[in-house]
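Using the numbering used here, the first residue of the sequence shown is number 11, and each one after it goes up by one.
All residues carry an ideal CB built from backbone N, CA and C; glycine is no exception.
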Amino acid sequence: MTDVRTRFAPSPTGYLHVGGIRTALFGWLLARQANGTFILRLEDTDQQREVKEAKDHIIRSLLALGLDYDEGPDKGGPYAPYIQSERLEIYKTWANKLIASGRAYADPYTAEQVKTFREESAANKLPFLYRNYRPDQTTPWDGSTPLRFKSDPKAYEWQDAVMGDMKSGPETIDDFVLIKSDGFPTYNFAHIVDDSEMKISHILRGQEFLPSVPNYLNLYEALGLQPPVLTTLPPVLGPDGKKKLSKRDGARDVLDYIRSGYLAEALISFIATLGWNDGSQQEIFTKSELIQKFSLDRVGRSGAQFDERRLNWINGNLIRDMSLDELYKACLDYWPTEADGYGEAYKRSVLTLVQERLKYFGELAELSRFFFVDLPVNPDLISHHKQLAKLTKPDLKDLLSQARDALQHSNFETSDLTDCLNSLLAQTGQKPAVLFSLIRIATTQSPASPSLAESLNVLGKEKVLKRIDQQLDCF
Ligand code: GLU
Numbered sequence: 011m012t013d014v015r016t017r018f019a020p021s022p023t024g025y026l027h028v029g030g031i032r033t034a035l036f037g038w039l040l041a042r043q044a045n046g047t048f049i050l051r052l053e054d055t056d057q058q059r060e061v062k063e064a065k066d067h068i069i070r071s072l073l074a075l076g077l078d079y080d081e082g083p084d085k086g087g088p089y090a091p092y093i094q095s096e097r098l099e100i101y102k103t104w105a106n107k108l109i110a111s112g113r114a115y116a117d118p119y120t121a122e123q124v125k126t127f128r129e130e131s132a133a134n135k136l137p138f139l140y141r142n143y144r145p146d147q148t149t150p151w152d153g154s155t156p157l158r159f160k161s162d163p164k165a166y167e168w169q170d171a172v173m174g175d176m177k178s179g180p181e182t183i184d185d186f187v188l189i190k191s192d193g194f195p196t197y198n199f200a201h202i203v204d205d206s207e208m209k210i211s212h213i214l215r216g217q218e219f220l221p222s223v224p225n226y227l228n229l230y231e232a233l234g235l236q237p238p239v240l241t242t243l244p245p246v247l248g249p250d251g252k253k254k255l256s257k258r259d260g261a262r263d264v265l266d267y268i269r270s271g272y273l274a275e276a277l278i279s280f281i282a283t284l285g286w287n288d289g290s291q292q293e294i295f296t297k298s299e300l301i302q303k304f305s306l307d308r309v310g311r312s313g314a315q316f317d318e319r320r321l322n323w324i325n326g327n328l329i330r331d332m333s334l335d336e337l338y339k340a341c342l343d344y345w346p347t348e349a350d351g352y353g354e355a356y357k358r359s360v361l362t363l364v365q366e367r368l369k370y371f372g373e374l375a376e377l378s379r380f381f382f383v384d385l386p387v388n389p390d391l392i393s394h395h396k397q398l399a400k401l402t403k404p405d406l407k408d409l410l411s412q413a414r415d416a417l418q419h420s421n422f423e424t425s426d427l428t429d430c431l432n433s434l435l436a437q438t439g440q441k442p443a444v445l446f447s448l449i450r451i452a453t454t455q456s457p458a459s460p461s462l463a464e465s466l467n468v469l470g471k472e473k474v475l476k477r478i479d480q481q482l483d484c485f
């Protein structure tokens, strides 16, 4: 068996999106499960579309997710450099081989002439193909014009590791540009040269490249090369399951998710299961499970739907599995500013209570603020409450006063508070949805909070009674 060598080959034209990361992850998993090599190669041959910070962003995103690469721009390796703009001489050497074997020629046409050819084809209702205008006589290529591949049109049948049996007719083959007049190679040429030099065993890439595969096969043949395993990944679709996922769908880049307090493990599990499953009902996978179980033949052929709620669900599950120590460390940067000055023991008690509801650490400030500061009384919380809105102000006041009297006599241990709240139910004849909601709102000024008795216990008697008094003043 040949060594598994996979590469992630992004163009630094923007930030890494979820689809891009999925391509990287699948390549990384293939390499890691075979004790192979994962390579990062930056494909920066489109100088106009290049975004300055993108290279750095790509590297930081991969590392934030733990997708380490064995060879790459900042790492070196046996086939360095791993940035295409630094490999121009290599592409020239390969281009000269094609010129020498009569399989590449200097494109003699101006943009004007090409426009005329296109119009001519359109008038004859024929698809425009460069090869129909291939010149009989060519001048030697001096680099000032594009260098074109001299194709050999034919039909192909090939296997795509995800899409299965594929075929195409000769009409898809054309004389494409190998090297542009700015001296940079096209993707079509450069990736074939690099994948061959870097001994890549599997290519994984998006669907946009599928229509060009016959042309690539033609070039592999002209170069006497055996293509790697070709793999086309279906697109990641937006939440509507129709259009390709875009920024407008609210999908953020990986570093944004990390900054908002998502766990790398959750992102990995979520991204891996965009279009892949192991055939069981399992929904959350650790990295080592993925390394063990991942296979290309279980990647679906249709688009995978991006649903952030599923990511939140996975992340919330992993947060609930954390020990208090792990959670405390992970949350250090996410406390509300009002928590400054509060000690570790108090914060730990707060965390124990909010852990259940936390979907990502970024929510901590909002969910925990009332533990640290007396929020102003918000009358909407009562007027928008289904049950409480039905009660008159005097009734609300009376109910809350009874609660205050009872709580005043509690020692504020959770078990005592639980007993106290239960006796209050009996005493007032109210339902928990009324009585407990009222106490909850008065003491937290939030529509929801962790278990009432536990929250009151953490807040302590002084804060609780003070807040109840504030609320009573508003009736
Ligand atoms: N540079 C291409 C892109 O970013 C990579 C495609 C490939 O992996 O070959 O879309």
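Task: Proximity winner among K476, D185 and P156, relative to N142 (alpha-carbon distances) - done: Shortest Cα-Cα distance from N142 to any of K476, D185 and P156 involves D185.
Open item on the list: Between which residues of its own chain and L139 is the CB-CB distance below 6 Å, once the five residues before and five after are set aside?
Closed with: Excluding residues within five positions, the ones whose Cβ falls inside 6 Å are D184.
Open item on the list: Let me check understanding here. Comparing Cα to Cα, which of L73, N45 and T55 lies closest to I31?
Closed with: L73
- [ ] Return yes when at least one heavy atom of ligand 1 lies under 7 Å from the C-beta of E472, else no.
- [x] no
Task: Pairwise C-alpha distance: W38 and I471 - done: The sequence shown places Lys at residue 471, rather than the Ile named in the question. Cα-Cα distance, rounded: 54 Å.
Open item on the list: Which same chain residues end up closer than 7 Å to I109 when comparing Cβ atoms and leaving out the 5 residues on each side of it in sequence?
Closed with: W151
TODO: Specify the secondary structure class of H212 as computed by DSSP and reduced to three states.
DONE: strand
TODO: Let me know if Y352 comes out buried or exposed under the rule of 16 or more other beta-carbons within 10 Å of its beta-carbon.
DONE: Exposed: under 16 other Cβ atoms inside 10 Å.
Open item on the list: For ligand 1, I want to know if S21 counts as a neighbour, meaning its beta carbon is within less than 7 Å of at least one of the ligand's heavy atoms.
Closed with: yes
Open item on the list: Among A171, L300 and A375, whose alpha-carbon lies nearest the alpha-carbon of G271?
Closed with: For the options A171, L300 and A375, the alpha carbon positioned closest to that of G271 is the one of A375.
Task: Helix, strand or coil at T453 [DSSP, three-state] - done: helix
Open item on the list: By the DSSP assignment, the alpha helix (DSSP H) with Y356 in it spans what residues?
Closed with: E354 to V364
Task: Proximity below 8 Å, CB of Q418 to CB of L475 - done: yes
Open item on the list: Within a Cβ cutoff of 7 Å, which residues of the same chain sit near Y344, ignoring the five residues on either side of it in sequence?
Closed with: For Y344, where only same-chain residues beyond five positions count, the Cβ hits under 7 Å are G271, F371, G372, L374 and A375.
- [ ] Output the boundary residues of the beta strand (DSSP E) element that contains S178.
- [x] G174 to S178
Open item on the list: Any heavy atom of ligand 3 closer than 7 Å to the beta-carbon of Y197?
Closed with: Among the ligands in the structure shown, ligand 3 does not appear; only ligand 1 can be found there.
- [ ] Go through its chain and collect everything with a Cβ distance to S222's Cβ below 7 Å, but skip five positions before and after it.
- [x] N198
- [ ] On a CA-only basis, which of G216, R215, V239 and I93 is nearest K209? Give me that one, please.
- [x] Taking the Cα of K209 as reference, the smallest distance to any Cα among G216, R215, V239 and I93 is reached at V239.
Open item on the list: Let me make sure I understand the geometry here. Which of V264, T16, S312 and A282 has the alpha-carbon closest to that of E299?
Closed with: A282
Open item on the list: Taking 7 Å as the cut-off, is the beta-carbon of F212 closer than that to any non-hydrogen atom of ligand 1?
Closed with: One detail in the question is off: residue 212 reads as His in this sequence, not Phe. False, no ligand heavy atom lies under 7 Å from that Cβ.
Open item on the list: Just to confirm the assignment, what range does the beta strand (DSSP E) spanning F159 have?
Closed with: From DSSP, the beta strand (DSSP E) with F159 extends over L157 to F159.
Task: Touching by the beta-carbon criterion (3+ pairs, under 8 Å), the segment 391-406 and the segment 431-439 - done: no
Task: Neighbour-count burial assignment, S290, 16 or more Cβ in a 10 Å radius - done: exposed
Open item on the list: Please tell me whether, using a cut-off of 7 Å, the distance from the CB of H201 to the nearest non-hydrogen atom of ligand 1 is below it.
Closed with: yes
Open item on the list: In this structure, how does DSSP classify P460 when only helix, strand and coil are distinguished?
Closed with: coil
Open item on the list: Give me the DSSP bridge partner(s) of Y143.
Closed with: According to DSSP, which records beta bridges pairwise, Y143 is partnered with nothing at all.
Task: Buried or exposed by the 16-neighbour rule on C-beta atoms within 10 Å, applied to N134 - done: That one is exposed.
TODO: Give the secondary structure of T424 by DSSP, where H, G and I count as helix, E and B as strand, and everything else as coil.
DONE: helix
Open item on the list: I'd like to know if the segment 15-31 and the segment 155-166 are in contact, where contact means that at least 3 CB-CB pairs between them fall below 8 Å.
Closed with: no
Task: Member of E464, P389, L462 and P249 whose CA lies at the smallest distance from the CA of L482 - done: P389
Task: Span separating the alpha-carbon of F36 from that of L214 - done: 8 Å
Open item on the list: Is it the case that the segment 40-49 contacts the segment 57-67, given that we only count it when at least three CB pairs across the two stretches are under 8 Å?
Closed with: As far as the Cβ criterion goes, the segment 57-67 does not touch the segment 40-49, which means the pair count is below three.
- [ ] Note down, one range per segment and in chain order, each alpha helix (DSSP H) of at least 4 residues found wholly within the segment 386-426.
- [x] 390-393 and 403-418
- [ ] Give the range of the beta strand (DSSP E) segment to which W168 is assigned.
- [x] Here the beta strand (DSSP E) through W168 covers Y166 to D170.
- [ ] Could you tell me which of G153, P442 and V203 sits nearest to I93, measuring between CA atoms?
- [x] V203
- [ ] Specify whether the segment 83-100 and the segment 111-129 touch according to this definition: at least 3 beta carbon pairs, one from each stretch, less than 8 Å apart.
- [x] no
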